[in-house]
Amino acid sequence: MNTVSELLQDKIREVAYVGPNETAHDAMQLMADKKIGVLLVEENGKMVGIISERDYPGKAKALHKPLQAVLVKEIMSSHVVHVSPDDTIEHCMELVTKNHVRHLPVLKDDKILGIISIGDLSKT
Numbered sequence: 508m509n510t511v512s513e514l515l516q517d518k519i520r521e522v523a524y525v526g527p528n529e530t531a532h533d534a535m536q537l538m539a540d541k542k543i544g545v546l547l548v549e550e551n552g553k554m555v556g557i558i559s560e561r562d563y564p565g566k567a568k569a570l571h572k573p574l575q576a577v578l579v580k581e582i583m584s585s586h587v588v589h590v591s592p593d594d595t596i597e598h599c600m601e602l603v604t605k606n607h608v609r610h611l612p613v614l615k616d617d618k619i620l621g622i623i624s625i626g627d628l629s630k631t
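Position one of the sequence shown corresponds to residue 508 (our numbering), numbered consecutively onward.
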């Protein structure tokens, strides 16, 4: 297995989304319900960020608000590191290492094809 496209063939491609004005509590609950560690943040049909299970403990606590009062847009990462289906697994490993991220959305022509995780990459 050499490319992201090959890796995606073995994955369920369902991607979960949340809006930027939803609460962090709702986002964390959705992740728990779906047993996933990341949500893409979508507004008006466009990806505007990403939020992971690790965003709440650090970022939200710094806001000194209860989880129910924190909005996704306050703790999401708006710079989303992503890859294309033609990228190599080696390139993906470089990206997760360099950018300290655990999930990479896969985009082609601005369309989201799926998400790969560092766990997916380590299995190859």
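Note that the Cβ used here is the ideal one computed from N, Cα and C, for glycine as well.
These numbers were taken from a predicted model, which means no experiment stands behind them.
- Task: Would you kindly work out how many angstroms separate the C-alpha atoms of residue 580 and residue 528, rounded to a whole number?
- Result: Counting from one through the sequence shown, the residue named residue 580 turns up at place 73. Counting from one through the sequence shown, the residue named residue 528 turns up at place 21. Whole-angstrom Cα-Cα distance: 6 Å.
- Is residue 554 helix, strand or coil when you go by DSSP? Position 47 of the sequence shown, counted from the start, is the residue given in the question as residue 554. Residue 554 falls in the strand class under three-state DSSP.
- Item | Rounded Cβ spacing between residue 532 and residue 574 (contact assumed at less than 8 Å) | Start at 1 with the first residue of the sequence shown, and residue 532 comes out as number 25. Start at 1 with the first residue of the sequence shown, and residue 574 comes out as number 67. Right, their Cβ atoms sit about 4 Å apart.
- Message: What does DSSP give as the partner residue(s) for residue 565 in the beta ladder?
- Response: Sequence index remark: in the sequence shown, residue 565 carries index 58 (1-based). Bridge partners of residue 565: none, in fact.
- Query: Which residues in the same chain have their Cβ closer than 7 Å to the Cβ of residue 577, if we skip the five residues on either side of it in sequence?
  - Reply: Residue mapping note: residue 577 aligns to position 70 of the sequence shown, counting from 1. Cβ neighbours of residue 577 beyond the five flanking positions: 530, 531, 567, 570.
- Query: If we call anything under 8 Å between Cβ atoms a contact, is residue 620 one with residue 537?
  - Reply: The count along the sequence shown starts at 1 and reaches residue 620 at position 113. The count along the sequence shown starts at 1 and reaches residue 537 at position 30. No, they are not a contact pair.
- Round the Cβ separation of residue 594 and residue 510 to the nearest angstrom and send it over; I've been treating them as touching at under 8 Å. Within the sequence shown, numbered from 1, the residue matching residue 594 stands at position 87. Within the sequence shown, numbered from 1, the residue matching residue 510 stands at position 3. Indeed, because the Cβ distance is near 7 Å, the residues count as touching under 8 Å.
- Task: Could you tell me which residues DSSP puts in a beta bridge with residue 592?
- Result: Residue numbering aside, residue 592 sits at position 85 when the sequence shown is read from its first letter. BP columns for residue 592 are empty, so no partner.
- Task: Check the DSSP bridge columns for residue 612 and list the partner residues they point to.
- Result: Within the sequence shown, numbered from 1, the residue matching residue 612 stands at position 105. For residue 612, which the question treats as bridged, DSSP gives the partners 622.
- Item | Nearest-angstrom beta carbon gap, residue 545 and residue 556 [assumed within contact, 8 Å] | The residue you call residue 556 lines up with position 49 of the sequence shown. The residue you call residue 545 lines up with position 38 of the sequence shown. Rounded, the Cβ-Cβ distance is 11 Å, inconsistent with contact.
- Item | Residues of its chain near residue 541, where Cβ-Cβ distance is below 6 Å and the 5 sequence neighbours each way are ignored | Taking the first residue of the sequence shown as 1, we reach residue 541 at position 34. Cβ within range, chain order: 523.
- What is the DSSP secondary structure of residue 560, counted as helix, strand or coil? The residue you call residue 560 lines up with position 53 of the sequence shown. If DSSP states are grouped into helix, strand and coil, residue 560 belongs with coil.
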